[in-house]
Each structure stands twice: as C-alpha cells, then as structure tokens.
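For reference, the structure is listed below as structure tokens.
In my numbering, the protein residues as written are 1357 to 1529.
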C-alpha cells in the first residue's frame, strides 16, 4: 500500500487542495518512463476495477488519470516540485484552461507561441473546427479581447476577470 499520510502537506488546512498532491499532467519528470507507464497502468486499472470506498460516489470518467497520477508519482518516490523546477510552471510553460482567459491575462510571448503553434495549415484545419479557437486565433477576436485589459492591472480574482470577458461578449468554451 501507499503511505498516504507522507504525501500530505500538513502546513495547509484540511480539505484545502494544496494539502494533497496534485499534478497537472502537462509535465512531470522522472528517471524511467517505461517504469512510470507500467506503474500508471497498474494503478489506473486497479482503481477502475476495484475502486476503494473513498471513491464510491466519485465518477472515474474523466477523472481516473487525476486520481492515479499523484499515487504513481508518490509511489515512485516523487513529490512536489522543488525550487529547481520553479520556472517550469510559468517561465517555460503556461497552463491555461479557457482560451479567452489566456488572451486576457497571459504574456505577449505566450500568445505568440499559441498563434505560431496554430499557424501551420495541417494544424489550422483541425483547430478551426473548434469555435473558440476559430474566433480567438484565426478571426482576431483574441487580440480585440486582449486590448480591453491591462495585464499589469488585472482583477485579483479570476471570477471578476471572467465576468468582464463575458460582459464584453468574448466568453466562449
């Protein structure tokens, strides 16, 4: 079994999300990808085939990867990233969930990278089928939205930013 207690950050309050291991599946590092893959598959299948009582009311689809990933990383001796990886989530990567939010708050460089990645015709053909990408990236609405915000003086709460985007008519998922 896994030592769950040692995975907790006891400096955070009970039930607060940062108390528990959470990993964005966008990046994580390890010494042996084959071992990671096999361990992940074993854990995911075990959870899916015989969910523990704590998961009795939790739908596993589409959350199975988010349930298994911290268990696998912790089980292989990993944990929260230390200061040596501090720039990886921010300077070298950008985690965005909704494209209008990215246009409203992310750096010019992030938007340049998104648009450059979306530019090749073979990519464009696929992405244009998704309305938010078609409108924000290819029809220029992202830049119109971007012009409404001072990225040095954004609302502190994301909800306030979302509401401003909605009022301006640019919110889409």
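In this text, a Cβ means the ideal position worked out from N, Cα and C, and glycines have one as well.
These numbers were taken from a predicted model, which means no experiment stands behind them.
Measure the beta-carbon distance from residue 1478 to residue 1484 and round it to whole angstroms, keeping in mind my assumption that it falls under 8 Å.
About 12 Å separates the two Cβ atoms, so there is no contact after all.
CB-CB under 7 Å to residue 1471, same chain, minus the five flanking residues each way: which ones, in chain order?
Residues of the same chain with a CB within less than 7 Å of the CB of residue 1471, apart from the 5 flanking positions on each side, are 1493 in chain order.
Please list the segments of the alpha helix (DSSP H) lying wholly inside the stretch 1390 to 1468, counting only runs of 4 or more residues, in order along the chain.
Taking only runs of at least 4 residues, the alpha helix (DSSP H) segments lying wholly in the stretch 1390 to 1468 are 1420 to 1431 and 1455 to 1461.
Quick one: using the 10 Å Cβ neighbour count with 16 as the cut-off for buried, is residue 1486 buried or exposed?
Exposed: under 16 other Cβ atoms inside 10 Å.
Status (buried if at least 16 other CB within 10 Å, exposed otherwise) for residue 1499:
Residue burial annotation: residue 1499 is exposed, with fewer than 16 other C-beta atoms found within 10 angstroms of its C-beta.
Look at the alpha carbon of residue 1460 and the alpha carbon of residue 1516, and state the distance between them as a whole number of angstroms.
If I take the Cα positions, the gap works out to 12 Å.
Looking only at C-alpha atoms, which of 1465, 1455, 1363 and 1506 sits nearest to residue 1527?
When only C-alpha atoms are compared, the closest one is 1455.
So, are the CB atoms of residue 1434 and residue 1393 less than 8 Å apart?
A distance of 8 Å or more separates the beta carbons of residue 1434 and residue 1393.
Considering only C-alpha positions, which residue in the set 1511, 1419, 1361 and 1457 is nearest to residue 1529?
Residue 1529 has its Cα closest to that of 1457, out of 1511, 1419, 1361 and 1457.
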